[in-house]
Every structure is written in structure tokens, then in C-alpha cells.
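Take a look at the structure below.
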Amino acid sequence: MMPLTPTLKFDAERDPSFPKQIMARPGGEKLFGCIQCGTCSATCPVSIYMDYTPRQIMALTRAGFKDEVLRSRTIWLCASCYACTVDCPKEIKITDIMYALKRRAIQDGVYPKRFPIPVLAREFFKMVRRRGRVTESELVVRLMLQTNWLGMVKMWRQGLNLIRTGRFSLKPERMRHAEALQPIFAGGEPHLATRTPRHPWEAES
Amino acid sequence: MKFSYFPGCSLKGTGRAYEESLLAVCRALGVEVLELDDWNCCGATAYMAVSEAAGYMMNTRNLALAERDSHELLAPCNACYLSLKKTQHYIAEYPSVAAQATGALAAEKLSYTGKVKVRHPLDVLVNDVGLPAIKKAVKQPLKGFKVAPYYGCQIVRPFAEFDDQQNPVLMDKLFQALGAEVVRYPLKTRCCGGSLTGTLGEVGQRLSFILLNEAQRRGATCVATVCPLCQFNLDSYQAEMSRQWSPVRMPVVYFTQLLGLALGLDEKALGLQRCIVPLPAQEVHA
């Protein structure tokens, strides 16, 4: 017999605490004011590539559809242009909500691990923790090696152009005293600097 | 006029022509800049979206370094500018962020009171130095230049503190004062794709292509930017874009490079040789 799957969710399958957790983050407090007008989806330059549009993400988050939201590609596609945040008639800081959702997806380990965008974010995170600064050329090479090394071959022309114009850094950019940032990575509490990693990506850096 | 200066990582890497031209122009116009001592990365959009507290703390450290120097803080990169501004706004608005953001300063005996002002060089050059003074210093008016002024996102969104949010005009006014023709360019604050050009090329590069294609269609001879990532995206993928969509060839320069040319500064000192699509020589030597 064909399995029957409901197209809607029963209350028991939702997580009503989820929207409250997202709203607790700065910028998320007005989530329940969303009138589903769709201005965010219309103004978003990348919504056409999203599995759920920003308007749908707002509705799903509010209704406690945690899994759908945290596993969506949408939250990673956001390019941080803030068009939705500025245009929202209810002044919801949608970009900040997308950030809160990304952080939660990483925390819960449900983000798409091979999708290039979180891979770049992870490499960026690790590099800043190591040196206090970012070397873009190295960052891109690391990204390509992990996600699309064939793509790197295709980018040979751009690579040569950057080398020719002196824009490809061979020497990593770093702070004189990157250890000055340790209290920051320890959460503002220097005495905790040797604690066990709290952020899932810390162990790798 | 003296400012603390926060270059950010890009101005030491792919965007070094921005630093070269900015410093040259500041020197020529009597603006003194002092690089923050041992500054750290602003975290851009990536870090804030991964670790919120550390993102705020990293910015607060840079703000506190500037407060120690007691000058206003010049931040030329749009992403750095926004990260610093956002941190200041959220510290003021949310007590929870304030407690988090300042929590790591004590170890370096730094403090943050909120009095430091973060400024973008476009604001400083046009509003503080002023167009009359700039006009007086022009040696080679930008005759024959048709510039599409491209502001990008994060200089006007979500905070627009020195220009109109929907239709910023400071660059337009600047280039007119320099003798250039300014092309009407309604896409002036549309997203260039940010880091998506590298992660998902077909998505990010398409956004950049739309911007260049429109500038071309409107008869621009160059696009001027105020952000290192915008410049990189628009300048360095044109071969790929032309192959994928339709031919596009458009020099993309920093606004400080055009200003420097008008002030008669040497093109090498302005880093113009670092453009992948070069400005045509007849324009430079007009």
C-alpha cells in the first residue's frame, strides 16, 4: 500500500519553543509581527535560488518547523545585503534572524556540511582564530580544495591575473600578537581559556 | 584633520590598491591617518553568523583601540564599516550585547565608552574635506570619464548615516566636482553577490554581471566602488561572465583612484596597475 504522508504538521510535530529561542537573539524580537507580505522575498536578490523564500522562513520559524528551517539552503544563501531588513514594513531584522538560524544549525550539527557556503564560513572562522586576520587568497584555495578542486583548475585565469597584479598574497596576513584575542575566543572570560570547546568548529582550529 | 585608520584584511590583500589610493589621496588633501596598532579582523558577515559573541567582541576591541588613540575611526571597507557600526548600535540597544561585547577588553587594559565615531572615507572626503577644497586641488579634471557610481550594500544598509539609503549621492557629487560625467545608475545599491561569487559562482557572479551589464548598457566607461569586495567581484570575474552570459568589459576602480587621478597623482601610486580590466590609457592621460 502507498504510504500516506500528511502535507501539514500536527501540533505534536512542531517545536513551539523554537521561535522563542530565535526571538531571544538581538534582532529577532519582532518575528511575530510578520504579516507575510512577502516584501523580503521580493527584494532579496537570491530568493530565486532558495528552497524556502525568506517569507516562508519567517512563517516556518514562527510556527516551530525547526527541522525544515535549519536544514534549508536558504539561511546559507543569504548574502547579507540587508535589503529585506531595510524594506520590511514591520521592522523585523530578517538578516539577523538568518544569522541566528545559521548559528543554531551549526550548533545542532544539521547544516549541509559539503555546501560551499558553510565550508567557507568554517575556514574563515578557523583562520581568524589562528591569526587574528584573514588572507583571502589562502581562504579561497582552502575552500576550493574542499568543495570543488576541479573548479580551481577552471579559475586559473583569475589566479594568474591576481598574481600578475600583485593581489594574491603568498605571505599570510597575521596580527603581531594574535594571542591577544584568546580572551575573546574564550567568551570574554580569560580564566576559561583552557576549557573544553563550546563551539562545534573550535575543536578543528 | 587626523583619523585612526582600520584597513581591514582586504586592503592588505586583494584590495591593496584601495589602501594605496586612499593613503595617497589623504596625504594630498592634508588628512592624516594613523593605522590602529595590531588590529584584528572585523569578522565580516561570516564570523558574526557563526559565533555572535566573539563577533561583537572582535569589533569592540578595534573600537577600543581607536578610543585609546582618541581620533575618529576611518573604515574604508563596507563590511568592516558595517561590522563596527552594527556593534556600536547593538551595544547601545541591547544590554545583553553590551555585557558580552566588552567582556574581553580588560585583559589588554582597554575600555569602550561608545564615544568613538566610525567614519567611511567617502563621508570624510566629501563632507569634512569638502567639495570646494577638493575642487581647488584638482589638477587634471576627469574629462571624458563616464562613471557609474556603485555604492554596494553595507555602506547604506541597514544603517545610512551620511547619505540617502535608497539613492546615495555623495559619489555622484564628488565625480561631478572632478569634471566627470555621472551616469544614472539605479542599481547603485544592489548586492554584488558578496562572497557568493566564490562559493556559488552561478549565483554570485550573475549578480555582479547584472551590475556590469547595466553600467555598460548605460554608456559608462568605468564603474567606481567604495568597497574592496565589490571591486574584486566586479573586476576579476569578467572573463567567466562573458563566457557564460554575454560579453562584458568594464574597468572597475575605487573612488579614491579616480579622485587621485584628478588630483594629478601618479597612477602607480594609486595602484591602477592592479586593475585586472585596466582603465584605458587615453582616459588616464586625458
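Residue numbers (this note's numbering), protein chains in the order written: chain H, 1 to 205; chain S, 1001 to 1286.
Built from N, CA and C at the ideal position, the CB exists for glycine as well.
(message) Suppose the cutoff is 6 Å on Cβ atoms and the five residues either side in sequence are ignored; what does the same chain contact list for A193/H look like?
(response) Summary for A193/H: the model assigns pLDDT 48, below 50, so the residue's position carries little reliability, and this model does not support an answer.
(request) On a CA-only basis, which of G1114/S, F1145/S, M1058/S is nearest E1108/S? Give me that one, please. (result) Per the C-alpha coordinates, the member of G1114/S, F1145/S, M1058/S positioned closest to E1108/S is M1058/S.
(request) Measure the alpha-carbon distance for G1043/S versus S1083/S and round it to whole angstroms. (result) Going from the Cα of G1043/S to the Cα of S1083/S covers about 8 Å.
(message) Using 8 Å for Cβ pairs, my map puts F969/S next to G1008/S. What's the rounded Cβ distance?
(response) Past the edges of chain S, shown from 1001 to 1286, lies residue 969/S, and the structure says nothing about it.
(message) Per the DSSP calculation, R1119/S is bridged to which residue(s)?
(response) According to DSSP, R1119/S bridges with L1074/S.
(request) Decide yes or no for the touch test of the segment 1092-1108 of chain S against the segment 1132-1141 of chain S: beta carbon pairs closer than 8 Å, at least 3 of them. (result) Taking a cut-off of 8 Å on C-beta distances, the segment 1092-1108 of chain S does not touch the segment 1132-1141 of chain S, as fewer than three cross pairs fall below it.
(message) Counting beta carbon pairs with one atom in the segment 1219-1236 of chain S and one in the segment 1252-1263 of chain S, are three or more of them shorter than 8 Å?
(response) Yes, since at least three Cβ pairs between the segment 1252-1263 of chain S and the segment 1219-1236 of chain S fall closer than 8 Å, the two stretches touch.
(message) Quick check on the DSSP output: what are the complete beta strand (DSSP E) runs of length 3 or more inside the segment 1175-1239 of chain S, in order along the chain?
(response) Fully enclosed beta strand (DSSP E) runs of no fewer than 3 residues occupy 1222-1225 of the segment 1175-1239 of chain S, in order along the chain.
(request) Determine, using beta carbons only, whether S1242/S comes closer than 8 Å to chain H. (result) By this cut-off, S1242/S is not an interface position.
(message) Quick check: what's the CA-CA separation for K1173/S versus P1149/S?
(response) Approximately 10 Å between the Cα atoms of the pair.
(request) Look at A1124/S and V1031/S and say whether their C-beta atoms are less than 8 Å apart. (result) Here residue 1124/S is Val; the residue named in the question, Ala, does not match the sequence. The answer is yes: Cβ separation under 8 Å.
(request) Take V46/H and list the residues in its own chain whose beta-carbon comes closer than 7 Å to its own, dropping the five residues that flank it on each side. (result) The residues are L77, A79.
(request) Please list, in chain order, all residues of the same chain as G1204/S whose beta carbon is under 6 Å from its beta carbon, the five residues on each side excluded. (result) Short of 6 Å from the beta carbon of G1204/S, and not among the five residues preceding or following it, lie these beta carbons of its own chain, in chain order: G1193, L1196, T1197.
(request) Please confirm if L70/H has its CB atom under 8 Å from at least one CB of chain S. (result) Taking Cβ atoms only, chain S never reaches closer than 8 Å to L70/H, which makes this a no.
(request) Would you list the residues sitting across from F1003/S in a DSSP beta bridge? (result) Paired residue(s): V1033/S, E1072/S.
(request) Starting from the Cα of E1019/S, find the closest Cα among P1278/S, D1128/S, S1246/S, G1260/S and give me that residue. (result) The shortest C-alpha to C-alpha distance from E1019/S to any of P1278/S, D1128/S, S1246/S, G1260/S is the one to G1260/S.
(message) Any beta carbon from chain S within less than 8 Å of T135/H's own beta carbon?
(response) Yes, T135/H lies at the interface with chain S (some Cβ there is under 8 Å from its Cβ).
(message) As an exercise, report each continuous alpha helix (DSSP H) stretch of at least 4 residues that is fully enclosed by the segment 31-87 of chain H, in chain order.
(response) Complete alpha helix (DSSP H) runs here, min 4: 39-43, 54-62, 66-70, 74-77, 83-87.
(request) Pick helix, strand or coil for V128/H, following the three-state DSSP scheme. (result) In the structure shown, V128/H sits in a helix (DSSP, three-state: H, G or I).
(message) If the criterion is Cβ atoms closer than 8 Å, does the pair L143/H and L120/H meet it?
(response) Their beta carbons are under 8 Å apart, which means L143/H touches L120/H by this criterion.
(request) Between the Cα of R1190/S and those of Q1244/S, L1263/S, C1230/S, spot the shortest distance and give me the residue it belongs to. (result) If we check each option's Cα against that of R1190/S, C1230/S comes out closest.
(message) Quick check on DSSP: helix, strand or coil for Y1150/S?
(response) In the structure shown, the three-state DSSP call for Y1150/S is coil.
(message) I'd like to know whether the C-beta of E179/H is nearer than 8 Å to at least one C-beta of chain S.
(response) Chain S, which has no Cβ nearer than 8 Å to the Cβ of E179/H, makes this no.
(message) Taking contact to mean 3 or more Cβ pairs, one atom from each stretch, closer than 8 Å, check whether the segment 1050-1070 of chain S and the segment 92-103 of chain H are in contact.
(response) In short, these stretches touch, since the Cβ pair count reaches three.
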